[in-house]
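Okay, so here's the structure we're looking at.
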Amino acid sequence: MGAGQIDPNKALDPGLIYDATPQDYVNLLCALNYTQKQILTITRSGSYNCTKPSFDLNYPSFIALYSNKTRSVVLKFKRTVTNVGDGAAIHRAKVTEPKGSVLTVSPETLSFRYRNEKLSYHVLIKYSKYKKENISYGDLVWIEDGGTHSVRSPIVVAPSGIV
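Residue numbers (the numbering used here): 6 to 168.
Now the structure itself:
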């Protein structure tokens, strides 16, 4: 599931971006139990380490997987965005919750003082299964005051067996 339709003109001026370093991707590979040899094959560098394995890649989308045994999940995600707009900007969160979920975004407003400033936010997803083997969709949209930019992040809640 993508974050939206491709609009090359808007892509030149996105407003906010999600940065991820090579070490961030290595942290994901480590969390997926890749061996050092496999990671070396992918990165072609021995300068990366597995000291902070994490499934929480700084990426615009969110997926909350739940076990069929527990039928519920509470997950917390952290994201950092960079303001690449013209200068100071205020973005407000607008959430469409996946069915069966309660989402909390904190903070609900990102107030950037200058271009290239980085700010972080958290998304807490509380989900209780309401149908058998159901996948639910929603999104988080950061809307800039004045309507110049909006940045959409898809949210998926699904049983862990689909992966």
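Think of the CB as a built atom: it goes at the ideal place given N, C-alpha and C, for glycine as much as any other residue.
Coil, strand or helix - residue i by DSSP
i, result
"Asn88", "strand"
"Pro65", "coil"
"Pro103", "coil"
"Thr48", "helix"
"Ala16", "helix"
"Ser72", "coil"
"Lys42", "helix"
"Ser165", "helix"
"Ile11", "coil"
"Ser155", "strand"
"Ser169", "The chain is shown from 6 up to 168; residue 169 falls before or after that span and cannot be answered."
Start and end residues, alpha helix (DSSP H) containing residue i
i, result
"Pro27", "27–36"
Endpoints, the beta strand (DSSP E) within which residue i is located
i, result
"Thr114", "114–117"
"Leu129", "123–133"
Counted within 10 angstroms of its Cβ, other Cβ atoms place residue i as buried (16 or more) or exposed
i, result
"Arg84", "buried"
"Ser50", "exposed"
"Ser72", "exposed"
"Asp150", "exposed"
"Pro13", "exposed"
Counterpart residues of residue i in DSSP-defined beta bridges
i, result
"Gly143", "Ile160"
"Arg97", "Thr114, Ile148"
"Lys83", "His127"
"Tyr23", "Val86"
Practice problem: Answer yes if the segment 84–101 comes into contact with the segment 140–159, meaning at least three C-beta pairs across the two stretches below 8 Å, and no otherwise. | Solution: yes
Practice problem: Mind the definition here: the segment 105–120 touches the segment 54–63 only if three or more C-beta pairs lie below 8 Å; say whether that holds. | Solution: no
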